[in-house]
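In order, the protein sequences belong to chains A and B. Quick note on our numbering: the first sequence kicks off at 860 and runs consecutively. Quick note on our numbering: the second sequence kicks off at 123 and runs consecutively.
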Amino acid sequence: MRDGLAITASGLVKRFGDRRVVDGVDVAVPAGSIYGVLGPNGAGKTTTLRMLLGIIEPDGGRRQLLGAPYPRDASDRVGYLPEERGLYPAMKAKEAIAFMGALRGLDWRTGRQRAVKLLEQAGLGHAADEKIRKLSKGMAQLVQLLGSVVHEPDLLVLDEPFSGLDPVNQEKLEALILAERDRGATVLFSTHIMAHAERLCDRLTIIAKGRHRFEGSVDDARATLPSRVHYQPRDNGSGIEGVLPPDAERENGGWRFELPRDGVEGLLEQLIQRGYGIAGLSIERPGLHEAFVRIVGEADAAERVQ
Amino acid sequence: MSLARTLRQTMTVARRDFVATVFTPIFLLFLLAPVIMGAFGAVGGLGAASVADSSATKERLVAIAPPDMAPLLKSADARLRPAFPRDEGPPELLTVAPEGDLAAQARGVMERKDVDVSAVLYGPLDRPTVLRGVLGRRDARYLGLLAQEALLQRRLGADVPAVTASEIEHARRGASLGGQRGSAFFAVFGVFFLTLFLAGQVVGTMAEERNNKVIEVLAAAVPLESVFLGKLLGMFGVAVLFVAFWGTILGQIGGFLPPSIGAALGELTPAVGGGTFLLLFFAYFTMAYLLLGSVFLGVGAQASTMREIQMLSLPITVVQVGMFALASAAAARPGSWVATAAELFPLSSPFAMAGRAANSPEIWPHLLALVWQLLWVAIFITVGARLFRRGVLQSGSAPGLLSRLRRDPA
């Protein structure tokens, strides 16, 4: 692997007919990290993942997966949970897991043994000999997830893994992702639910309208927006607007405004000197959610201008 | 990508398909389908036989002859009849004394209600007239022969020589031409019959993965070519199981057949020799299955609903029957341009070459043909996988070997 990167891609392009679904996406996933691909619905996340895995071929750009210029050459070291889940309904849960392992080079016997163990760890031990068609949708999804890790891959790619899971199972999945990272695997997952990304991702990329709009850590993303100050004066008398920054807005008897570039201290001194006092003060860093909405909003605006 | 890895991936898919097909109750029904078919056939056959029997026993030949000639005609009939096989002889002979207008009497006989009369002979025996029904041509000629025999008997009397031939059976050591043609047809028909029922099954197999979305899991883990070949081999395994099951049963039944049928089967002498022929027959069955199967699989993979797949079954049968017709023509005229064309055209090649194994003793063309056919299986699978990748997975084409070599850093 070059430069400790599990995946690199530059300028990936995919056209479906005349439409450029993916239009020059760059990705660099550090080995051993949890990496998120974020984007609104229809942004091109799934298409990007499928190109990275070699399921489909890009119309342009370069990619490298676990050091292999042709992703399929490394496919035995990869685990993948597709967005559209699918298992053979007539297969037993442990057979389905072993089958997915066998496709990636794990022998059947080891696959079955690990399947039983994994199912027990996930609290599904009773379902090992149940046919998939008898399982609930959420359970089947967990079975497929276990099938994608049974061969202990170096790279785990999960496409919208949280969709369709109840909060308890979402928590289990988060634990599993962290456990895989701790085992040494690189985890790449796509989502449009920011809370998961915020909790899990070491780094992330945001894709919108087929283009990559941001790359960095969660903190980097949050730092693209200034912090906001919520100030509650002791005396909300007239003239206070003149002291506060021009963008200050009234909110619940207090004021809300962007944190000034040079900090809030100078402003506070003035407010105290003029007798407005401080009844409450909080400085809030924007969440990933706000950062995401702004980045995607800018992408929309940019496209409208074009 | 190493060959061992590709093979392993292919066999994983094949194993899944084989197990998923064989370990189901429906498979028993499929395995026993020939019994059901045979039972219907037997019932139908019995019915048809009884109808044929009753009509045959009521059919008659009639000779309008004076009383002095009637016994001579009867004894001529007794002498000539043994030349026909038991169930294929002419109808029973009735003699009727002439009354008035012979032609009118003959027409009256043809219209009789109690029996069916296939032919009536009347007039002087050296220049008789035979009135016959539409299907009575053979019977009319037979009546003519009887008249001639009867006249000979009357003229020569006791001087008619009695000849008794002694029969010795001889089985020709080399393959007889008739035996070769027989086994050629048997081979072509056998391969056709087996593939007709079995290869068509492949057409819907990709639909399963498309409907339950497993295709994404397979396509991510394994090259599509391996998926296609694996599915084909899995279903071929099912076909082999089917053939082996019925082959064993028919082999056992063969031991109980009456010796005359055994001798008739012994006449089926392929030119390459029995053992080699059996081997080649199986090889060509395999190739026919893989060739037709790979085309059907590729075409069927493009269909997304069961309805579309059902619509495909007619063209598929037409293609198979077409290949059978071409190969049958080739087997009947070995060495002709039709035969060469059928042997070269990939889809008819296994059928035609199976026929050739019966007709001509050289082995090398078979080795060549098997390689040629394998090449086409590979081509069909590659093309099928490519179309699938492009049409269904909406991918561009995967980099070919050449472009890979060119782009690989030295």
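Glycine included, every Cβ here is placed at the ideal spot set by N, Cα and C. Note that the structure is a prediction, hence the values are computed from the model and not measured.
With distances taken between CB atoms, is the gap from residue 1002 of chain A to residue 946 of chain A smaller than 8 Å?
By one-based count along the first sequence, residue 1002 of chain A stands at place 143. By one-based count along the first sequence, residue 946 of chain A stands at place 87. Taking 8 Å as the Cβ cut-off, residue 1002 of chain A and residue 946 of chain A qualify as a contacting pair.
Since I believe residue 1015 of chain A is in contact with residue 1046 of chain A (beta carbons under 8 Å), could you give me their beta-carbon distance rounded to a whole number of angstroms?
Stepping through the first sequence from its first residue, residue 1046 of chain A is reached at position 187. Stepping through the first sequence from its first residue, residue 1015 of chain A is reached at position 156. Contact between residue 1046 of chain A and residue 1015 of chain A holds, with the beta-carbon distance rounding to 5 Å and staying under 8 Å.
Around the Cβ of residue 1111 of chain A, are there at least 16 other Cβ atoms within 10 angstroms (buried) or fewer (exposed)?
Along the first sequence, one-based indexing puts residue 1111 of chain A at 252. Under this definition residue 1111 of chain A is an exposed residue.
Thinking C-alpha only, which one of B:222, B:132 and B:209 is nearest residue 962 of chain A?
Numbered from its first residue, the first sequence carries residue 962 of chain A at position 103. Distance from the Cα of residue 962 of chain A is smallest, within the candidate group B:222, B:132 and B:209, for B:132.
Name, please, each residue of chain A whose Cβ falls closer than 9 Å to the Cβ of residue 336 of chain B.
Against the second sequence, residue 336 of chain B aligns to sequence position 214. Result: 945, 946 and 947.
Name the chain A residues that come within less than 7 Å of residue 345 of chain B, Cβ to Cβ?
Locating residue 345 of chain B in the second sequence gives position 223, where the first residue counts as 1. Near residue 345 of chain B (Cβ distances below 7 Å), the residues of chain A are 931.
Quick one, are the C-beta atoms of residue 232 of chain B and residue 218 of chain B less than 8 Å apart?
Reading the second sequence from its first residue, position 110 is the one you call residue 232 of chain B. Reading the second sequence from its first residue, position 96 is the one you call residue 218 of chain B. The criterion of a C-beta distance shorter than 8 Å is not satisfied by residue 232 of chain B and residue 218 of chain B.
Same chain, Cβ closer than 7 Å to residue 326 of chain B, neighbours up to 5 away in sequence not counted:
Position 204 of the second sequence holds residue 326 of chain B. Contacts found: 422 and 431.
Kindly provide the ranges of any beta strand (DSSP E) runs that are 3 or more residues long and lie completely inside the region 1103 to 1128 of chain A, ordered along the chain.
Contiguous beta strand (DSSP E) elements confined to the region 1103 to 1128 of chain A occur at 1108 to 1110 and 1113 to 1117, taking only those with 3 or more residues.
Counting Cβ pairs closer than 8 Å, one from the region 881 to 894 of chain A and one from the region 1030 to 1045 of chain A, do we hit at least three?
These segments touch.
From the DSSP output, read off the bridge partner residues of residue 132 of chain B.
As a first step, residue 132 of chain B must be located in the second sequence, where it is residue number 10. Answer is none; residue 132 of chain B lacks a bridge partner.
Does the contact criterion of 3 or more C-beta pairs under 8 Å hold for the region 1044 to 1058 of chain A versus the region 1118 to 1135 of chain A?
Judged by Cβ distances under 8 Å, the region 1044 to 1058 of chain A makes no contact with the region 1118 to 1135 of chain A, as fewer than three pairs qualify.
Keeping to the same chain, check which residues put their C-beta closer than 7 Å to that of residue 1050 of chain A; ignore five residues upstream and five downstream.
Indexing the first sequence from 1 puts residue 1050 of chain A at position 191. For residue 1050 of chain A, the CB contacts under 7 Å within the same chain, skipping 5 residues up- and downstream, are 895, 897, 1019, 1021 and 1056 in chain order.
Taking residue 354 of chain B as the query, report the chain A residues whose CB atoms sit under 8 Å from its CB, ordered along the chain.
Locating residue 354 of chain B in the second sequence gives position 232, counting from the first residue. Correct list: empty, because the minimum Cβ distance to chain A is about 17 Å.
Residue burial classification, residue 511 of chain B (beta-carbon count within 10 angstroms, cutoff 16):
Position 389 of the second sequence holds residue 511 of chain B. Residue 511 of chain B should be labelled buried.
Roughly how many angstroms lie between the CA atoms of residue 1030 of chain A and residue 878 of chain A, to the nearest whole one?
Working through the first sequence from its first residue, we reach residue 1030 of chain A at position 171. Working through the first sequence from its first residue, we reach residue 878 of chain A at position 19. Between residue 1030 of chain A and residue 878 of chain A, the C-alpha separation is close to 37 Å.
Would you decide whether residue 993 of chain A is buried or exposed? Buried here means 16 or more other CB atoms lie within 10 Å of its CB.
Here residue 993 of chain A corresponds to residue number 134 of the first sequence, with the count starting at 1. When all chains shown are included, residue 993 of chain A counts as exposed.
With 8 Å set as the bound, which would you pick, yes or no: does the beta-carbon of residue 342 of chain B sit closer than that to a beta-carbon of chain A?
As a first step, residue 342 of chain B must be located in the second sequence, where it is residue number 220. Put simply, the CB of residue 342 of chain B is near chain A, with a gap under 8 Å to one of its CB atoms.
Cβ of residue 138 of chain B less than 8 Å from any chain A Cβ?
In the second sequence, residue 138 of chain B corresponds to position 16, counting from 1. At least one chain A Cβ lies under 8 Å of residue 138 of chain B.
Determine the extent of the beta strand (DSSP E) in which residue 193 of chain B is found, giving its start and end residues.
The residue labelled residue 193 of chain B in the question sits at position 71 within the second sequence. Residue 193 of chain B -> not in any beta strand (DSSP E); alpha helix (DSSP H) instead, spanning 192 to 202.
Would you verify that the beta carbon of residue 961 of chain A is, or is not, closer than 8 Å to some beta carbon of chain B?
By 1-based counting over the first sequence, the position of residue 961 of chain A is 102. True, the Cβ-Cβ gap to chain B drops below 8 Å.
Can you look up residue 1094 of chain A in the DSSP assignment and give me helix, strand or coil?
For the purposes of this step, residue 1094 of chain A is taken as residue 235 along the first sequence, with counting starting at 1. It is coil, neither helix nor strand.
Got a sec: is the Cβ-Cβ distance from residue 525 of chain B to anything in chain A below 8 Å?
The residue labelled residue 525 of chain B in the question sits at position 403 within the second sequence. Low confidence applies here, because residue 525 of chain B scores a pLDDT of 49, under 50, leaving its location unreliable and the question unanswered by this model.
Contact defined as beta carbons within less than 8 Å: I believe residue 180 of chain B pairs with residue 261 of chain B. What is the distance between those atoms, to the nearest angstrom?
Here residue 180 of chain B corresponds to residue number 58 of the second sequence, with the count starting at 1. Here residue 261 of chain B corresponds to residue number 139 of the second sequence, with the count starting at 1. Their Cβ separation, rounded to whole angstroms, is 14 Å, which puts residue 180 of chain B and residue 261 of chain B out of contact at 8 Å.
Which same chain residues, not among the five before or five after residue 876 of chain A, have their C-beta less than 6 Å away from its C-beta?
Residue 876 of chain A sits at position 17 when you count from the first residue of the first sequence. Excluding positions up to five away in sequence, the list is empty.
Just mark residue 488 of chain B as buried or exposed, buried being the case when its beta carbon has 16 or more other beta carbons within 10 Å.
In the second sequence, counting from the first residue as 1, residue 488 of chain B sits at position 366. Residue burial annotation: residue 488 of chain B is buried, with at least 16 other C-beta atoms found within 10 angstroms of its C-beta.
For the alpha helix (DSSP H) that contains residue 508 of chain B, what are its first and last residues?
Start at 1 with the first residue of the second sequence, and residue 508 of chain B comes out as number 386. Its alpha helix (DSSP H) spans residues 486 to 513.
Please look up how many angstroms separate the CB atoms of residue 907 of chain A and residue 1066 of chain A, rounded, as I've assumed it's under 8 Å.
By 1-based counting over the first sequence, the position of residue 907 of chain A is 48. By 1-based counting over the first sequence, the position of residue 1066 of chain A is 207. Going by Cβ atoms, the distance from residue 907 of chain A to residue 1066 of chain A rounds to 7 Å, so yes, they are a contact pair.
Please determine if the region 457 to 467 of chain B and the region 431 to 441 of chain B are in contact, where contact requires at least 3 C-beta pairs separated by less than 8 Å.
Taking a contact to require three or more Cβ pairs closer than 8 Å, the region 457 to 467 of chain B and the region 431 to 441 of chain B do not qualify as touching.
Could you check if residue 374 of chain B belongs to the surroundings of the ligand NAD, using beta carbon to heavy atom distance under 7 Å?
No copy of the ligand NAD occurs in the structure displayed, which carries no ligand at all.
Quick one: is residue 144 of chain B near chain A, going by C-beta distance under 8 Å?
The sequence position of residue 144 of chain B within the second sequence is 22, counting from 1. No - not a single Cβ of chain A is within 8 Å of the one on residue 144 of chain B.
How would you list, in chain order, the residues of chain A whose beta-carbon sits under 9 Å from the beta-carbon of residue 515 of chain B?
Locating residue 515 of chain B in the second sequence gives position 393, where the first residue counts as 1. For the C-beta of residue 515 of chain B, the chain A residues within less than 9 Å are, from N- to C-terminus, 909, 914 and 915.
Are the C-beta of residue 324 of chain B and some C-beta of chain A separated by less than 8 Å?
As a first step, residue 324 of chain B is located in the second sequence; it is residue number 202 there, counting from the start. Taking 8 Å as the threshold, the shortest C-beta distance from residue 324 of chain B to chain A does not fall below it.
Would you say residue 131 of chain B faces chain A, with C-beta separation under 8 Å as the test?
The sequence position of residue 131 of chain B within the second sequence is 9, counting from 1. So yes, residue 131 of chain B belongs to the interface.
Along chain A, in chain order, which residues have C-beta atoms closer than 8 Å to that of residue 505 of chain B?
Locating residue 505 of chain B in the second sequence gives position 383, counting from the first residue. Within 8 Å Cβ-Cβ: nothing; residue 505 of chain B doesn't reach chain A, min ~17 Å.
Using a Cβ-Cβ cut-off of 8 Å, state whether residue 125 of chain B counts as contacting chain A.
Position 3 of the second sequence, counted from the start, is the residue given in the question as residue 125 of chain B. It does not; no Cβ of chain A falls within 8 Å.
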